[in-house]
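**Q** Sequences listed follow chains C and W, in order. Residue numbers for the first sequence, in the working numbering: 1 to 214. Residue numbers for the second sequence, in the working numbering: 1 to 350.
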Amino acid sequence: MVKQMEDRHSVWIRFCHWVNMISITLLILTGYYIHAPHTFRLFSNMDTPRTIHFAMAYLLCFGVLIRVYYAIVAKDAKNIVFSVKEDTPKFPSMIKYYMFMADSHPYYGKYNPGQKMMYTGWLVMVLLQIITGFILYKPNMFMALGGFLGGYMAVRLIHYIVTWLFVLSVLAHVYLDISEGVPVLKSMFTGKIPADFDHGTHEEEIETGTGVGA
Amino acid sequence: MPTKLSRRDFVRLCAGSAAAISMTGFLAPYMSEAVAAGAPSVIWLQGASCTGCSISLLNTVHPDIKKVLTEVISLRYHPNIMAAAGDLAIQEMFKVAEEGNFFLVVEGAVPTGADGLYCTVGEQNGHHITFENLVKTIGKKSNAILSFGTCSAFGGIPATPPNPTNCKAVDQVVKDVPVINVPGCPPHPDWMVGTIAHVLLYGIPELDTFGRPKMFFSNIIHDNCERRQYFDNGIFAKTFGEPGCMLELGCKGPISHCDASTRLFNGGVNWCVKSGGVCIGCTEPQFPAWPMYERMAEMPVGPATSVTVDQVGIVLGGLAVAGIGGHLAGNIATGRIGPKKEDVEKEGDN
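1) Does the beta carbon of W/Q286 come closer than 8 Å to any beta carbon on chain C?
2) Using 8 Å as the cut-off, can you tell me whether the segment 34–52 of chain W makes contact with the segment 101–120 of chain W, which would need three or more C-beta pairs spanning the two stretches below that distance?
3) At the level of alpha carbons, what is the spacing between C/G213 and W/V321?
4) What does C/D7 pair with, by DSSP beta-bridge criteria?
5) Any beta-carbon of chain C closer than 8 Å to the one on W/N163?
6) Can you name the start and end residues of the beta strand (DSSP E) that W/P189 belongs to?
7) For the 8 Å Cβ check, are there 3 or more pairs between the segment 276–284 of chain W and the segment 231–251 of chain W?
8) Any beta-carbon of chain C closer than 8 Å to the one on W/W191?
9) Take the Cβ of C/M46 as the centre, count every other Cβ of all protein chains shown within 10 Å, and call the residue buried at 16 or more, exposed below.
10) If W/V179 and W/V170 are in contact, beta carbons under 8 Å, what's the gap, nearest whole angstrom?
11) With distances taken from CA atoms, which of C/L128, C/S179, C/P37, C/A74 is nearest W/K238?
12) Whose C-beta lies closer than 7 Å to the C-beta of W/W191 among residues of the same chain, with five residues either side of it excluded?
13) Pick helix, strand or coil for C/L149, following the three-state DSSP scheme.
14) Any contact of the segment 292–307 of chain W with the segment 156–166 of chain C, i.e. 3+ C-beta pairs under 8 Å?
15) Comparing the C-beta of C/H17 with each C-beta of chain W, is any distance below 8 Å?
16) Using 10 angstroms around the beta-carbon of W/D259, count the other beta-carbons present and answer buried if the total reaches 16, otherwise exposed.
17) Since C/M143 meets chain D, which of its residues come closer than 9 Å, beta carbon to beta carbon?
18) Select from W/F236, W/R228, W/N143 the residue whose C-alpha is nearest the C-alpha of W/V199.
19) Please list, in chain order, the chain W residues whose beta carbon lies closer than 7 Å to that of C/D177.
20) Return the CA-CA distance between W/A197 and C/A57, expressed in angstroms with no decimal places.
21) Would you kindly work out how many angstroms separate the C-alpha atoms of W/V344 and C/A71, rounded to a whole number?
22) Three or more C-beta pairs under 8 Å: does that hold for the segment 153–165 of chain W against the segment 215–235 of chain W?
23) Going by C-alpha distance, which of W/I73, W/E98, W/F102, W/L316 is nearest W/A34?
24) If you draw a straight line from the C-alpha of W/A97 to the C-alpha of W/Y77, how long is it?
25) Do we get a CB-CB distance below 8 Å when we pair C/N79 with the residues of chain W?
26) How would you call C/K116, buried or exposed, if buried means at least 16 neighbouring beta carbons within 10 angstroms?
27) W/V321 lies in the alpha helix (DSSP H); which residues open and close that run?
28) Under 8 Å between C-beta atoms, does C/P113 make it to chain W?
29) Buried or exposed for W/G348, please, with buried defined as at least 16 other CB atoms from any protein chain shown within 10 angstroms of its CB.
30) Going by beta-carbon coordinates alone, are W/G155 and W/C53 separated by less than 8 Å?
31) Residues of chain C with CB closer than 8 Å to the CB of W/L249, please, in chain order.
32) Could you compute how far the alpha carbon of W/A114 sits from the alpha carbon of W/P158?
33) Relative to the C-alpha of W/D208, which candidate in C/H173, C/F142, C/L165 has its C-alpha closest?
34) If you follow the alpha helix (DSSP H) that W/L104 is in, where does it begin and where does it stop?
35) Cβ of C/H159 versus every heavy atom of the ligand ZN: is any distance shorter than 7 Å?
36) Are the C-beta of C/A172 and some C-beta of chain W separated by less than 8 Å?
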């Protein structure tokens, strides 16, 4: 029996996801070496990681730009941007589900409020990283901005601590996706997810054929 | 002697002069000509300082400082090197200030606590003259204030927390007067003499965001460091005295602006990194409120409590691992993942 599939991620979402995943992973790895070459012995010289870091920084800028543009144009923003008014009331049922106090959860839309909060937080963190990163990359050009943020040492601190937040939130992201089931992970490659995959109760959407991610 | 040196040439000379050329030696004739033609005089005041900036100025080698002071700069008041003392000196200072058309050099931060009583610099009519008061009254009359040294430019050591005397930078105390910051702990004599020369000959030089003359402070130490190749090759010193880039020993070169790495101190002999020390970032506004021999400052997390970012990372990492592990255990225990789940899915397929 052929599984009935429905669209979840458009090709642009998948493209941006993997481009940003590659650039962020490389930025984190090279960044840790640049931060503490003795502790994180990942490279044998400083030229390679710095070149990669700066190249990936630009790639990330464009990746984020395309993703934000797509979110606005394709009206995808409502799926991923956390709305305090609409999403906060959904938290209790989600927390109950994750704390094993409930066996199922209502249908939240494409993403649950926790995911929305994380993805919106990533946008804020990415913008922070881009701003602080360019201040450190071109200290002469962005001198005023660096001074505004409390000087280069404070900028360094922000850049470093946000990197930690990225590492840890990516850990949580990967774990939660895989623990929800392999089809979720697969859908980021193929764009499709089994129609009967449990997203909470959402028979209406399946019956009308609008799809989970539509 | 040429009589005209264009401003462009002057700035190029200042910015480009390496250790091989003595900038002050080249400038001296032009400056003494300007002084002879009636250029503004200079008053030098010292507040919450260690006199290091004055000592650094005295290290002007070519020509020697005697010539600079007697012929090149019309220096009318300096607490350490003037011959006069007491009322004679104070009255002369006020006389110059009354006449106007002078530049005020301030060395040291301005203590504003206790109405400025932490720093008194003389007496007038039997009353203390506080440094705060003097900088305000004299500064208002000056053409421009030259803040020499990080203390007067940004607050520096005296203004670093806890700062019981409430020291402030000069440009926080005196408003409405152009202030040129020449930071450094101490500033290079060329920076001081060069800035004085620029204001005497051409007026206020081009300044960056923090009020520093661009001709001296537009280079990053790290970019011209003689140990830069070590950095690029990934060779990092673990202890002092080792060859290698000193980034991990706390060098602030990548975030510090000045040309000490090419200009060299002590008449072009040596500078911080060449003598085996790290750059402590003495020309930056935040100096010295950072650990000099640590890569990163600590993060304030509460009153009088700070932690390193790595400690924050480890705690957050521990929480994340505990959270994930706990949830994974819960997932297996409740059968959300594992063999049971597959059964459920098969049932659904059927």
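Every residue gets a Cβ at the ideal spot worked out from N, C-alpha and C, and that includes glycine.
**A** Judging by the given coordinates:
1) As a position in the second sequence, residue 286 of chain W is number 286, starting the count at 1. Closer than 8 Å: yes.
2) yes
3) In the first sequence, residue 213 of chain C corresponds to position 213, counting from 1. In the second sequence, residue 321 of chain W corresponds to position 321, counting from 1. Here the model assigns C/G213 a pLDDT of 41, short of 50, so the residue's position is not dependable, and the following value carries that caveat. Roughly 30 Å between the two C-alpha positions.
4) As a first step, residue 7 of chain C must be located in the first sequence, where it is residue number 7. Partner(s): C/K192.
5) Sequence index remark: in the second sequence, residue 163 of chain W carries index 163 (1-based). Chain C, which has no Cβ nearer than 8 Å to the Cβ of W/N163, makes this no.
6) For the purposes of this step, residue 189 of chain W is taken as residue 189 along the second sequence, with counting starting at 1. No beta strand (DSSP E) holds W/P189; the alpha helix (DSSP H) holding it covers 189–201.
7) yes
8) Here residue 191 of chain W refers to the residue found at position 191 of the second sequence. Answer no: the Cβ-Cβ gap between W/W191 and chain C never drops below 8 Å.
9) Counted from its first residue, the first sequence places residue 46 of chain C at position 46. Label assigned to C/M46: buried.
10) The count along the second sequence starts at 1 and reaches residue 179 of chain W at position 179. The count along the second sequence starts at 1 and reaches residue 170 of chain W at position 170. About 6 Å separates the beta carbon of W/V179 from that of W/V170, a gap short enough to meet the 8 Å contact definition.
11) In the second sequence, residue 238 of chain W corresponds to position 238, counting from 1. Taking only the C-alpha atoms, the option nearest W/K238 is C/P37.
12) Within the second sequence, numbered from 1, the residue matching residue 191 of chain W stands at position 191. Around W/W191: V182, G184, F216.
13) Within the first sequence, residue 149 of chain C is the residue found at index 149, counting from 1. Three-state result, C/L149: coil.
14) Yes: the two stretches touch, three or more of their Cβ pairs being nearer than 8 Å.
15) Sequence index remark: in the first sequence, residue 17 of chain C carries index 17 (1-based). No - not a single Cβ of chain W is within 8 Å of the one on C/H17.
16) Your numbering for residue 259 of chain W matches position 259 in the second sequence. Buried.
17) In summary, chain D is missing from the structure at hand, where the protein chains are C and W.
18) The residue you call residue 199 of chain W lines up with position 199 of the second sequence. Nearest C-alpha to W/V199: W/N143.
19) By one-based count along the first sequence, residue 177 of chain C stands at place 177. Result: empty, since nearest Cβ-Cβ is about 12 Å, beyond 7 Å.
20) As a working note, residue 197 of chain W is residue 197 in the second sequence. As a working note, residue 57 of chain C is residue 57 in the first sequence. Computed Cα separation, rounded: 43 Å.
21) Stepping through the second sequence from its first residue, residue 344 of chain W is reached at position 344. Stepping through the first sequence from its first residue, residue 71 of chain C is reached at position 71. Annotation note: pLDDT 42 at W/V344 (below 50); position unreliable, coordinate value reported separately. Each residue's Cα considered, the two are about 35 Å apart.
22) no
23) By one-based count along the second sequence, residue 34 of chain W stands at place 34. W/A34 has its Cα closest to that of W/I73, out of W/I73, W/E98, W/F102, W/L316.
24) For this step, residue 97 of chain W is matched to residue 97 along the second sequence. For this step, residue 77 of chain W is matched to residue 77 along the second sequence. Computed Cα separation, rounded: 11 Å.
25) Here residue 79 of chain C refers to the residue found at position 79 when the first sequence is read from its first residue. Output row for C/N79: interface = no.
26) Stepping through the first sequence from its first residue, residue 116 of chain C is reached at position 116. Counting Cβ neighbours within 10 Å, C/K116 comes out buried, since at least 16 surround it.
27) Reading the second sequence from its first residue, position 321 is the one you call residue 321 of chain W. Here the alpha helix (DSSP H) through W/V321 covers 309–334.
28) Indexing the first sequence from 1 puts residue 113 of chain C at position 113. Closer than 8 Å: no.
29) In the second sequence, counting from the first residue as 1, residue 348 of chain W sits at position 348. Here W/G348 scores only 38 on pLDDT, less than 50, and its place in the model is too uncertain to base an answer on.
30) Sequence index remark: in the second sequence, residue 155 of chain W carries index 155 (1-based). Sequence index remark: in the second sequence, residue 53 of chain W carries index 53 (1-based). No; because the gap between Cβ atoms is not below 8 Å, this pair is not in contact.
31) As a working mapping, residue 249 of chain W is identified with position 249 in the second sequence. Under the 8 Å cutoff, chain C gives no residues; its nearest Cβ is about 10 Å from W/L249.
32) Within the second sequence, numbered from 1, the residue matching residue 114 of chain W stands at position 114. Within the second sequence, numbered from 1, the residue matching residue 158 of chain W stands at position 158. Looking at the two C-alpha atoms, the distance is approximately 15 Å.
33) Taking the first residue of the second sequence as 1, we reach residue 208 of chain W at position 208. Selected option, being the one with the closest Cα: C/F142.
34) Your numbering for residue 104 of chain W matches position 104 in the second sequence. Not the alpha helix (DSSP H): W/L104 falls in the beta strand (DSSP E), residues 102–107.
35) As far as ligands go, the structure on display features none, and thus does not contain the ligand ZN.
36) Here residue 172 of chain C refers to the residue found at position 172 of the first sequence. Yes - at least one Cβ of chain W is within 8 Å of the one on C/A172.
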